[in-house]
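Below you can see the structure in the form of structure tokens.
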């Protein structure tokens, strides 16, 4: 089966009911998307499917024909980090970091939708994500910082 | 040379080479027995080493938590890593710098004081000599013992210590560019396994004789230890479900709902101890007495990533990859549990998801080790399910704390009794010679669990942690009851007994202040002589503008503590809105942590502690039903969410000349009390049982 992951076509030889998370972390070797609960309750496995935040743990690959999947690896890298990734590093927004890839994905979907989110918009977009270390306040600040940077750079 | 008291780490690992090496030109190996748990310790240790060695941080290659390559430093626990490992590394780095300068001075025929170090290069009178550490290191005997005799760098010359160096481990986690977690390891030929846990403590497998599973699945059965092993994780998960549905269990200790209540714990057989301090004064028999009881339930570690480990057994040698807090104690316990020689086992730390105490990390490592021995020459990876993560790891024990005070005519306490009931807090693998690895307990001939113990007060105590008053009260009595046969397992969770004890004491002090009709802050200050304690209280009060008027339904609360009565100081104010739910609005917090290695790291720890303690105080309790731990999903064990997180303001007191004090757990106790005091302020009624849920508020209002 052919999947489109981070803009590239990837062939996987897996049964249709395989979860996207198993495909990503298994055959595809993309480890940034994480298992947390397997029940859409924590957001650790969040990816974008056609730009919409989706739980990779419960999405069968069969449902992804003709759709584009974006994982954290698709946002940016050390040489060209996404403004969100840069802002999370600038704010040191994380402790153990296990929840961050899913949170970055939902934050990206939010900033793609609105370039000037309020604090409430951010809280609402991230409320499906759990963080146990208590990095929430920093994470919210990081999203605000990224939004400010993105709207400044798009205005110039 | 003056003899100085060396830190424990240096006494147990005395040779310089155990901590430092110059094997590779341009970099310096620094080894620590402490491990990264998400708290940023690796970054702090790099800062310490770089400063004392006069090199840029990039030159420090840190190795941590490997039985074959790092000093033995017990557990990464108790907010002690900066003090202990940092303290040792600081002394070693300063000494090695001095020894290398000594060699350089002899070679250059000059005085040591003529020399300086610029990023590892030796300069004389400010001019490069062409010599550097790596050339000189060949002439240095690093097998010699550390003496700790070289002076440490004075505050004004430090470059890294005291600055917010960014975390060294965070980029990989934010950029998705590496595989930072143990969950991400995929060595060649890896097999995936799942363990089907006993449904309740001590459950015995009653049947069937044979289970059916897919032909590709290997089922391992060793008395009550059942696991499935497969080529893919997906197949292992499916097989575990299929096998679990066939198993029948009997015996053991099925868990009843009432066993999860603190009141039940207080009726169980216990080890009892009483301590008294101070001088009992003569007070009138008619003096006013005041007594209250506070409780907390069992709580779960509830890490976002389930526990995970890998193990490989070949030619009698066992290799284990783990996110345990203590690779050496785990190695020793695995040796006992599996009847292997310690020298046949190597244990290596790889980062896991956030760790807040003795969680499932050691247990899952044992699971992997058992399976690796059953299936030799293959690397076996075990990951726990979400349900097991919430239900099978040791819990933080439920506790009951009863406080009684005799009051002077002015309403100040003159005699005080603290009585504490709870399960054990110190049951880590290796504690008091016990093993405590869940998988091993399911095998034939299970090893002994650690006996219930109280950690000595000199090491911070456990059930009695922070039970001893920080206030000037002339006489106090401490009574400790440790339940001896409690199921399920309880062990160390962030703050140990401090969370319940500080919640109780700081709630009670507010009740006493109200009884005396004195402002709660003024009441505390009136019985606090420690100037550092007074300073954090006054600082927090300035931050919060304590005198501010409040609207109806709003409440403000204060609490203070000094973690373990010896580590970091913390004073906190909170604002809450209370209707039927408690909404935590704002938190103002002042912390005195002595010398701060990384201010942003301390802020991060304190903020995180505030949020986690608020989650414990407002939402969390473990529930038993139908023999099992029923709170085994995020729906049944909810934690604080983004929409419930308060605005947080933290100030660190400036104490660069005082020794560093641990901060990882400083937030836990006062937070619950401050919330409780704010709720009492808003409602005019006090909640003494945690968590302060909607149901509790409604019940309290209804009387």
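Residue numbers (the working numbering), protein chains in the order written: chain D, 599 to 754; chain B, 113 to 815.
Just so you know, even glycine gets a beta-carbon here, dropped at the ideal spot from N, CA and C.
Under the Cβ distance rule, residue 663/D does not count among the residues neighbouring chain B, no pair being separated by less than 7 Å. Residues of chain D with a Cβ closer than 8 Å to the Cβ of residue 346/B are, in chain order, 616, 617, 620, 624. What residue 704/D touches in chain B, judged by beta-carbon distance under 8 Å, is nothing: the nearest beta carbon there is about 10 Å away. With 16 or more other Cβ atoms from the protein chains shown falling within 10 Å of its own Cβ, residue 756/B counts as buried.
Beta-carbon to beta-carbon, residue 187/B and residue 437/B are separated by about 5 Å, close enough to satisfy the 8 Å threshold.
Listed in chain order, the beta strand (DSSP E) elements of length 3 or more contained wholly in the stretch 166-234 of chain B are 172-176, 227-230. Chain B places no beta carbon closer than 7 Å to that of residue 653/D, leaving this residue out of the contacts. At least 7 Å separates the CB of residue 531/B from every CB of chain D.
Partner residues in the beta bridge of residue 668/D, as assigned by DSSP, are 646/D. For the options 672/D, 720/D, 693/D, the alpha carbon positioned closest to that of residue 289/B is the one of 672/D. In terms of beta-carbon proximity, residue 671/D lines the interface with chain B, with at least one pair separated by less than 7 Å. Only residues of its own chain outside the window of five on either side were considered, and among them 224 have a CB closer than 8 Å to the CB of residue 214/B, listed in chain order. If you check the CB distance, residue 418/B and residue 495/B come in under 7 Å. Per the Cβ contact rule, the stretch 339-351 of chain B is in contact with the stretch 479-493 of chain B (3 or more Cβ pairs under 8 Å). Its chain contains 665 as the residues whose beta carbon lies nearer than 7 Å to that of residue 691/B, once the 5 sequence neighbours on both sides are disregarded; these appear in chain order.
Across the structure, residue 783/B and residue 564/B are spaced so that their CA atoms are roughly 28 Å apart. With respect to residue 645/D, residue 639/D sits apart: the two C-beta atoms are not nearer than 7 Å.
A check of alpha carbon separations from residue 658/D across 617/D, 733/D, 666/D, 605/D identifies 617/D as the nearest. Against residue 716/B, the close residues of chain D are 690, 693, 733, 736, in the order they occur along the chain (beta-carbon pairs closer than 8 Å). Following the DSSP letters along the chain, one finds residue 680/D in no alpha helix (DSSP H), marked with neither H nor E.
DSSP places residue 583/B in the coil class of the three-state scheme, outside both helix and strand. Listed along chain B, the residues sitting closer than 7 Å to residue 721/D by beta-carbon distance are 754, 755. Taking a beta-carbon distance threshold of 7 Å, residue 680/B does not count as an interface residue toward chain D.
Within the stretch 409-456 of chain B, the complete beta strand (DSSP E) runs of at least 3 residues fall at 420-426, 429-434. Taking a beta-carbon distance threshold of 7 Å, residue 355/B does not count as an interface residue toward chain D.
Within chain B, the C-beta atoms nearer than 8 Å to that of residue 725/D come from 753, 754, 755, in chain order. Remark: C-beta atoms of residue 620/B and residue 404/B approach each other more closely than 7 Å.
Looking only at 516/B, 327/B, 537/B, 703/B, the smallest Cα-Cα distance to residue 506/B is reached by 537/B. Residue burial is scored here from C-beta neighbours: residue 731/B has at least 16 other C-beta atoms within 10 angstroms and is therefore classed as buried. Per DSSP, the continuous alpha helix (DSSP H) segment holding residue 615/B begins and ends at 610-628. Take the alpha-carbon of residue 611/D and the one of residue 628/D: they are about 16 Å apart.
The beta carbons of residue 503/B and residue 789/B sit no closer together than 7 Å. The alpha-carbon separation between residue 764/B and residue 300/B amounts to approximately 48 Å. Taking a cut-off of 8 Å on C-beta distances, the stretch 200-215 of chain B touches the stretch 246-254 of chain B, as three or more cross pairs fall below it. Neighbourhood of residue 283/B in chain D, by CB distance below 8 Å: 676, 687, in chain order. When secondary structure is reduced to three states using DSSP, residue 733/D falls in the coil class, being assigned neither helix nor strand.
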